[in-house]
Amino acid sequence: MNILNHNEALLAQHTRRLDFLKSEVNLPAGILQKLKDFQIAIPSWALGTGGTRFGRFSGGGEPRNLEEKIADVGLLHQLNQSSGAISLHIPWDIPTDPAAIRALAAQHGLAFDAVNSNTFQDQADQAHSYKFGSLQHVSAATRKQAIDHNIEVIKHGVELGSKALTVWLSDGSCFPGQLNFRKAYERTVDSLREIYAALPADWSLYLEYKAYEPNFYSTTVGDWGASYSMVNKLGPQAKTLVDLGHHLPNANIEQIVSILLMEGKLGGFHFNDSKYGDDDLTAGSIKPYQLFLIFNELVDGMDAKGMNHAKDLGWMIDASHNVKDPLEDLLQSVEAIQIAYAQALLVDRKALEEAREANDVVRCQEILQAVFRTDVRALVAQARLELGGALDPIALFRQEKMRDQLIKARGAKTVATGL
Ligand code: RM4
Ligand code: MN
Ligand code: MN
Numbered sequence: 456m457n458i459l460n461h462n463e464a465l466l467a468q469h470t471r472r473l474d475f476l477k478s479e480v481n482l483p484a485g486i487l488q489k490l491k492d493f494q495i496a497i498p499s500w501a502l503g504t505g506g507t508r509f510g511r512f513s514g515g516g517e518p519r520n521l522e523e524k525i526a527d528v529g530l531l532h533q534l535n536q537s538s539g540a541i542s543l544h545i546p547w548d549i550p551t552d553p554a555a556i557r558a559l560a561a562q563h564g565l566a567f568d569a570v571n572s573n574t575f576q577d578q579a580d581q582a583h584s585y586k587f588g589s590l591q592h593v594s595a596a597t598r599k600q601a602i603d604h605n606i607e608v609i610k611h612g613v614e615l616g617s618k619a620l621t622v623w624l625s626d627g628s629c630f631p632g633q634l635n636f637r638k639a640y641e642r643t644v645d646s647l648r649e650i651y652a653a654l655p656a657d658w659s660l661y662l663e664y665k666a667y668e669p670n671f672y673s674t675t676v677g678d679w680g681a682s683y684s685m686v687n688k689l690g691p692q693a694k695t696l697v698d699l700g701h702h703l704p705n706a707n708i709e710q711i712v713s714i715l716l717m718e719g720k721l722g723g724f725h726f727n728d729s730k731y732g733d734d735d736l737t738a739g740s741i742k743p744y745q746l747f748l749i750f751n752e753l754v755d756g757m758d759a760k761g762m763n764h765a766k767d768l769g770w771m772i773d774a775s776h777n778v779k780d781p782l783e784d785l786l787q788s789v790e791a792i793q794i795a796y797a798q799a800l801l802v803d804r805k806a807l808e809e810a811r812e813a814n815d816v817v818r819c820q821e822i823l824q825a826v827f828r829t830d831v832r833a834l835v836a837q838a839r840l841e842l843g844g845a846l847d848p849i850a851l852f853r854q855e856k857m858r859d860q861l862i863k864a865r866g867a868k869t870v871a872t873g874l
């Protein structure tokens, strides 16, 4: 891949854009370093074309195994220098030879982010079905099977150097009367306690919530209140994970984020975007202002606690690409996240606070929207450039015909494990 030539050709235009930005806004000291440090984990299940229950349209050249998934994330990271981690879903991606997998990831400059368990699907060799739930199940044997699976996932993660387990449960009910809510809640907490007890001391447990789907009447960990109350019962290593697509329409996610962070119980993120529900679309593709407002709260809340932006929360994408090239789509998501982060770093917090204390509502809006309407793409590109990445990753991906190369190497009819 000829990054140097690509950058050379775009350099004059890039410099012009960056100079203009610098003439327009005061860049706070250290902003480039913060952008350079910020890495976003790529989920192993987002490297193939997704599907819906109506069908799936494979794009070709999809990774056929974990090794090829790591190679794909390595490619993304080479292009943008900001995708330096991979998040695995077990059993979709069991590392059979962990030492070799770890070495391969290291060759690509990749770390292993949170490992994800799966008790929302039945596996072929499984004794008990999750049709009626897993950690909440009425049968102790089924609950134990789901607990054991999570402990197994932790073991895989330990071998790879992960530091967190993400638990997302589809447990709930489809019809009124089907479930005793209190029993389901208590059984879930009891099961989670056993998983929590198996966590290494330097690990976190992220408990993800989701409003609905696949269950359509109730979800046991259905909102941040349920997750928050559960992680509080578990202990300091348990925290809530916010997946942007898991809220009911119009929920004020930035406020949820702000409060969880203030309470010390925000663990991490699954970035995506949506119009209606858990659409898993490209981050920032539908509601970029919301993404910015979320980052505005994140920067504000993390700074208030003296947290390290890059390291103290788990940053992951959780997306599914039905009509785009998954790699191009992930490049777009990472860039959208970086843009929102860069803009949040530009907010004049002192001025905003003064305007708030003076009840100057107009000024508050002006401050936020002036930043949101600032084109910071050159700044994000500069961070990439300084790290050795491409000024325009998608353009380079296309120039070098990378998808064609992958199709040649892997075939036109490959199907990646995952959604
Ligand atoms: C769920 C949830 C989980 C992800 C699965 C694949 O909707 O977002 O995080 O592991 O999808
Ligand atoms: Mn998720
Ligand atoms: Mn989801």
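Take 456 as the starting number for the sequence shown in the numbering used here and just add one per residue.
Every residue gets a Cβ at the ideal spot worked out from N, C-alpha and C, and that includes glycine.
Subject >> Contained beta strand (DSSP E) runs [length at least 3] in the segment 684 to 765, N- to C-terminal order >> reply: 693 to 698, 721 to 726
**OP:** Give the single residue among Ile-749, Asn-727, Gly-722 whose Cα lies nearest to the Cα of Lys-766.
**Re:** The sequence position of residue 766 within the sequence shown is 311, counting from 1. That would be Gly-722, whose Cα lies nearest to the Cα of Lys-766.
Original post:
In the structure shown, what three-state DSSP assignment does Pro-498 receive?
Top reply: Within the sequence shown, the letter at position 43 stands for residue 498. It is a strand residue.
**OP:** Please list, following the chain, all residues that have a C-beta closer than 7 Å to any non-hydrogen atom of ligand 2.
**Re:** Trp-623, Glu-663, Asp-698, His-701, His-725, Asp-773
**OP:** Using 10 angstroms around the beta-carbon of Leu-800, count the other beta-carbons present and answer buried if the total reaches 16, otherwise exposed.
**Re:** Here residue 800 refers to the residue found at position 345 of the sequence shown. Buried is the call here.
Original post:
Is the segment 777 to 787 close to the segment 814 to 823, with three or more CB pairs under 8 Å?
Top reply: no
Original post:
In whole angstroms, what is the alpha-carbon distance linking Glu-809 and Gln-824?
Top reply: Locating residue 809 in the sequence shown gives position 354, where the first residue counts as 1. Locating residue 824 in the sequence shown gives position 369, where the first residue counts as 1. The alpha-carbon atoms of Glu-809 and Gln-824 are separated by roughly 16 Å.
Subject >> Residue from Gln-745, His-764, Ala-619, Lys-599 whose Cα sits closest to the Cα of Thr-695 >> reply: Along the sequence shown, one-based indexing puts residue 695 at 240. It is Ala-619.
**OP:** Would you please state the rounded distance, in angstroms, between the beta carbons of Lys-868 and Gly-632? I believe it to be under 8 Å.
**Re:** In the sequence shown, counting from the first residue as 1, residue 868 sits at position 413. In the sequence shown, counting from the first residue as 1, residue 632 sits at position 177. Not really, about 46 Å apart at Cβ, beyond 8 Å.
Subject >> Start-end ranges of the beta strand (DSSP E) lying completely within the segment 598 to 635, minimum 3 residues >> reply: 619 to 623
Subject >> Thr-507 (DSSP reduced to helix, strand or coil) >> reply: As a first step, residue 507 must be located in the sequence shown, where it is residue number 52. If DSSP states are grouped into helix, strand and coil, Thr-507 belongs with the strands.
Original post:
Straight-line CA distance for Ser-617 to Ile-609?
Top reply: Numbered from 1 along the sequence shown, position 162 holds the residue referred to as residue 617. Numbered from 1 along the sequence shown, position 154 holds the residue referred to as residue 609. The alpha-carbon atoms of Ser-617 and Ile-609 are separated by roughly 8 Å.
**OP:** Please find out if some non-hydrogen atom of ligand 1 comes closer than 8 Å to the beta-carbon of Lys-665.
**Re:** Translated into positions along the sequence shown, residue 665 becomes position 210. Yes - ligand 1 has a heavy atom lying nearer than 8 Å to the Cβ of Lys-665.
Original post:
On the three-pair Cβ rule with 8 Å, is the segment 756 to 774 touching the segment 706 to 725?
Top reply: yes
Subject >> Element boundaries [alpha helix (DSSP H), containing Met-857] >> reply: Start at 1 with the first residue of the sequence shown, and residue 857 comes out as number 402. 857 to 865 is the extent of the alpha helix (DSSP H) around Met-857.
Subject >> Residue from Val-826, Gly-564, Arg-858, Arg-642 with nearest C-alpha to Leu-482 >> reply: Within the sequence shown, residue 482 is the residue found at index 27, counting from 1. The shortest Cα separation from Leu-482 among Val-826, Gly-564, Arg-858, Arg-642 belongs to Val-826.
Original post:
Among the residues of its own chain, which have a CB less than 6 Å from the CB of Gln-793, if the five just before and after it don't count?
Top reply: Here residue 793 refers to the residue found at position 338 when the sequence shown is read from its first residue. Only Val-835 meet the Cβ criterion.
Original post:
Which first and last residues belong to the beta strand (DSSP E) in which Ala-540 is found?
Top reply: Here the question's residue 540 lines up with position 85 in the sequence shown. Its beta strand (DSSP E) spans residues 540 to 542.
Original post:
Under 9 Å between the Cβ atoms of Ala-601 and His-611?
Top reply: Here residue 601 is taken as the residue at index 146 of the sequence shown, counted from 1. Here residue 611 is taken as the residue at index 156 of the sequence shown, counted from 1. No, Cβ-Cβ distance for Ala-601 and His-611 is not below 9 Å.
Original post:
For Val-570, does the three-state DSSP call read helix, strand or coil?
Top reply: Along the sequence shown, read from residue 1 onward, the residue named residue 570 stands at position 115. Reduced to three states, the DSSP call for Val-570 is strand.
**OP:** Could you tell me the distance, in whole angstroms, from the CA atom of Ile-822 to the CA atom of Ile-486?
**Re:** As a position in the sequence shown, residue 822 is number 367, starting the count at 1. As a position in the sequence shown, residue 486 is number 31, starting the count at 1. Cα to Cα, Ile-822 sits roughly 18 Å from Ile-486.
Subject >> Rounded separation between Phe-852 and Leu-534 - CA only >> reply: Indexing the sequence shown from 1 puts residue 852 at position 397. Indexing the sequence shown from 1 puts residue 534 at position 79. Whole-angstrom Cα-Cα distance: 8 Å.
**OP:** Give me the Cα-Cα distance between Ile-702 and Leu-840, rounded to the nearest whole angstrom.
**Re:** As a working note, residue 702 is residue 247 in the sequence shown. As a working note, residue 840 is residue 385 in the sequence shown. It should be noted that the sequence gives His, not Ile, for residue 702. Their backbone Cα atoms lie some 36 Å apart in a straight line.
Original post:
Can you name the start and end residues of the beta strand (DSSP E) that Glu-663 belongs to?
Top reply: Within the sequence shown, the letter at position 208 stands for residue 663. First-last of the beta strand (DSSP E) with Glu-663: 659 to 663.
**OP:** Name, in chain order, the residues that DSSP records as bridge partners for Thr-453.
**Re:** With the chain covering only 456 through 874, there is no way to say anything about residue 453.
Original post:
How many Å lie between Asp-830 and Asp-474 at the Cα?
Top reply: Within the sequence shown, residue 830 is the residue found at index 375, counting from 1. Within the sequence shown, residue 474 is the residue found at index 19, counting from 1. Asp-830 and Asp-474: Cα-Cα distance of roughly 12 Å.
Original post:
Just curious, the alpha helix (DSSP H) that Gly-516 is in, first and last residue?
Top reply: For the purposes of this step, residue 516 is taken as the residue at position 61 of the sequence shown. Taken as a continuous stretch (DSSP letters only), Gly-516 belongs to no alpha helix (DSSP H), as it is neither H nor E.
**OP:** Could you tell me which of Ile-495, Ala-582, Leu-502 sits nearest to Asp-548, measuring between CA atoms?
**Re:** Along the sequence shown, one-based indexing puts residue 548 at 93. When only C-alpha atoms are compared, the closest one is Leu-502.
Original post:
Between the Cα of Ile-708 and the Cα atoms of Phe-724, Phe-636, Ile-606, which residue gives the shortest distance?
Top reply: The residue given as residue 708 occupies position 253 in the sequence shown. When each option's Cα is compared against that of Ile-708, the closest is Phe-724.
**OP:** Use the C-beta contact count for Ala-560: other C-beta atoms within 10 angstroms, 16 or more gives buried, fewer gives exposed.
**Re:** Here residue 560 is taken as the residue at index 105 of the sequence shown, counted from 1. So Ala-560 counts as buried.
**OP:** Using beta-carbon positions only, say whether Ala-569 and Ser-542 come within less than 9 Å of one another.
**Re:** Reading the sequence shown from its first residue, position 114 is the one you call residue 569. Reading the sequence shown from its first residue, position 87 is the one you call residue 542. A contact, by the Cβ cut-off of 9 Å.
**OP:** Let me know the secondary structure DSSP gives His-532 once reduced to three states.
**Re:** Mapped onto the sequence shown, residue 532 falls at position 77. Of the three classes helix, strand and coil, the one that applies to His-532 here is helix, per DSSP.
**OP:** Could you check what DSSP says for Ile-549 in three-state terms: helix, strand or coil?
**Re:** Here residue 549 refers to the residue found at position 94 of the sequence shown. DSSP places Ile-549 in coil when its eight states are reduced to three.
Original post:
Between the segment 663 to 681 and the segment 726 to 736, do at least 3 Cβ pairs fall closer than 8 Å?
Top reply: Under the 8 Å Cβ criterion, the segment 663 to 681 counts as touching the segment 726 to 736, having at least three qualifying pairs.
Original post:
For Asn-727, is the beta carbon positioned less than 8 Å from some heavy atom of ligand 3?
Top reply: The count along the sequence shown starts at 1 and reaches residue 727 at position 272. Yes, the beta carbon of Asn-727 sits closer than 8 Å to at least one heavy atom of ligand 3.
**OP:** Output yes or no for whether 9 Å exceeds the beta carbon distance between Asp-847 and His-461.
**Re:** Here residue 847 refers to the residue found at position 392 of the sequence shown. Here residue 461 refers to the residue found at position 6 of the sequence shown. For Asp-847 and His-461, yes; Cβs fall inside 9 Å.
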